[in-house]
Amino acid sequence: MTQVLAPLPKGPVRRVAFLGTPDMAVPVLRALVGAGIEVVHVITRADKRRARGNDLHPSPVKAVAIELGLNVSHTAQDLIDIHQQKPFDLAVVVAYGALIKVPVLQVVPMLNLHVSLLPRWRGAAPIERALLSGDEQTGVCLMQVEEGLDTGAVLGRSTMAITASTTADDIRSTLMEAGTQLLLDQLRDGLREPVAQQGESTYAKKIEPAELCIDWSDSAEQISRLIRLGGAWSLFRGKRLKIHEAIVVESASDAPGAVRIDKATVHIATSRGSLDVRVVQPEGKPRMDITSWINGTRPTTGEKLSSE
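What follows is the structure in structure tokens.
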């Protein structure tokens, strides 16, 4: 199906609209304003109630937009009227959180910063899926927005390596910095010619809470990836224990989930290898180093962590 998209502008871009919602989109918005690009309007997701209380709270992007004195609304459809009343060159999308409908795309040219090497990991959780899948590299793409989910032609990309110690936060900060520079360079110098995505696509579905529960029958390497994602947990003495930092060590002879205490270290066995745990967070308590946890909990060799 051929889509009729609003044409991308030629030459330098000086006036944009911005669509984004979470914290990771905030540095891009600030960078646009800091670079002297006029942000005529910001679209973000509607205010939400938090777990406690009935007060509505704005998205991180909305809070910063208000701080910067920018106009804000919550529906991408608004851009049609805004573009007619106060024309701008294009709209920049960063983790907006909703698909843009065709009538808007036919009027407003749009670019999106997507944190994967497209067409690999289209969808909601590209950073997380790249890490969990053991990808050795990932990247960020500047792409044209079209009706399909992250299917648009790519104007530029930047890559980074994923090592055995790289966390999801590391990837996020590195790629957003690289993506912001990629965007600013092209807005300043003129947009490059979009190139259609090539190769097999994969879908990055969002991370479900159940996926963060550690299965000790997995390998130490796989569990390490889950820990580096953030939020991984297991049960110890019937209570949740989040594991924030751990490194893969020698092969384990103990049953998966078994604890081995050696002075100020805690090794947990897996199906293949073991983990030297460095930072944990007991249920209802703050993060702490493993020495503090040993002193407070007094675990013994042979005790087990489990998923139930």
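For the sequence shown, my numbering assigns the number 705 to the initial residue and increments by one for each residue that follows. Note that beta-carbon positions come from the ideal geometry of N, C-alpha and C, so glycine has one too.
Original post:
Taking the continuous alpha helix (DSSP H) assigned at Glu832, which residues delimit it?
Top reply: The residue given as residue 832 occupies position 128 in the sequence shown. First-last of the alpha helix (DSSP H) with Glu832: Pro830 to Leu836.
Original post:
Are Met728 and Met864 closer than 7 Å when you measure CB to CB?
Top reply: By one-based count along the sequence shown, residue 728 stands at place 24. By one-based count along the sequence shown, residue 864 stands at place 160. Their beta carbons are not under 7 Å apart, which means Met728 does not touch Met864 by this criterion.
**OP:** Would you list the one or two residues that DSSP bridges to Arg982?
**Re:** Residue 982 sits at position 278 when you count from the first residue of the sequence shown. Note: Arg982 sits in no beta bridge, so no partner.
**OP:** Could you spell out where the alpha helix (DSSP H) holding Ala881 opens and where it closes?
**Re:** The residue you call residue 881 lines up with position 177 of the sequence shown. It should be pointed out that residue 881 corresponds to Glu in this sequence rather than to Ala. Run containing Glu881: Ala872 to Asp893, per the alpha helix (DSSP H) assignment.
Subject >> Which of helix, strand or coil DSSP assigns to Ser928 >> reply: Locating residue 928 in the sequence shown gives position 224, counting from the first residue. Three-state result, Ser928: helix.
Subject >> Rounded straight-line distance, which links the Cα of Asp759 to that of Phe722 >> reply: If you number the sequence shown from 1, residue 722 lands on position 18. If you number the sequence shown from 1, residue 759 lands on position 55. Taking the straight line from one Cα to the other gives about 26 Å.
Subject >> Contained beta strand (DSSP E) runs [length at least 3] in the region 895 to 971, N- to C-terminal order >> reply: 937 to 940, 943 to 953 and 963 to 966
Original post:
From what residue to what residue does the beta strand (DSSP E) around His818 run?
Top reply: Position 114 of the sequence shown, counted from the first residue, corresponds to residue 818. From DSSP, the beta strand (DSSP E) with His818 extends over Met814 to His818.
**OP:** Mark Ala868 as exposed unless 16 or more other C-beta atoms lie within 10 angstroms of its C-beta, in which case mark it buried.
**Re:** Taking the first residue of the sequence shown as position 1, residue 868 is located at position 164. Result: exposed.
**OP:** Please go through the same chain and pick out, in chain order, the residues whose beta-carbon is closer than 6 Å to the beta-carbon of Leu888, but skip the five residues on each side of it.
**Re:** As a working mapping, residue 888 is identified with position 184 in the sequence shown. If we look at Leu888 and ignore the five residues flanking it on each side, its Cβ neighbours are Ala739.
Original post:
Who are the near neighbours of Arg944 in its chain, counting only those whose CB is closer than 7 Å to its CB and skipping five residues on each side?
Top reply: As a working note, residue 944 is residue 240 in the sequence shown. Counting only Cβ-Cβ distances below 7 Å, and skipping sequence neighbours, we find Trp937 and Glu987.
**OP:** Thinking Arg964 and Thr1005 are a contact (beta carbons under 8 Å), I'd like their distance in whole angstroms, please.
**Re:** For this step, residue 964 is matched to residue 260 along the sequence shown. For this step, residue 1005 is matched to residue 301 along the sequence shown. The pair is a contact, with the Cβ atoms about 5 Å apart (cut-off 8 Å).
**OP:** Return yes when the Cβ of Ser975 is within less than 7 Å of the Cβ of Ser1011, no when it is not.
**Re:** Taking the sequence shown and counting its residues from 1, the one referred to as residue 1011 is at position 307. Taking the sequence shown and counting its residues from 1, the one referred to as residue 975 is at position 271. Contact flag unset, no.
Original post:
Near Lys909, what residues of its chain come up, given a Cβ to Cβ distance below 7 Å and the 5 sequence neighbours on each side ignored?
Top reply: By 1-based counting over the sequence shown, the position of residue 909 is 205. Gly827, Ala828 and Ala829, listed in sequence order.
**OP:** Could you check what DSSP says for Gln789 in three-state terms: helix, strand or coil?
**Re:** Within the sequence shown, the letter at position 85 stands for residue 789. It is helical.
Original post:
Three or more C-beta pairs closer than 8 Å, one from the region 769 to 787 and one from the region 818 to 825: is that the case here?
Top reply: no
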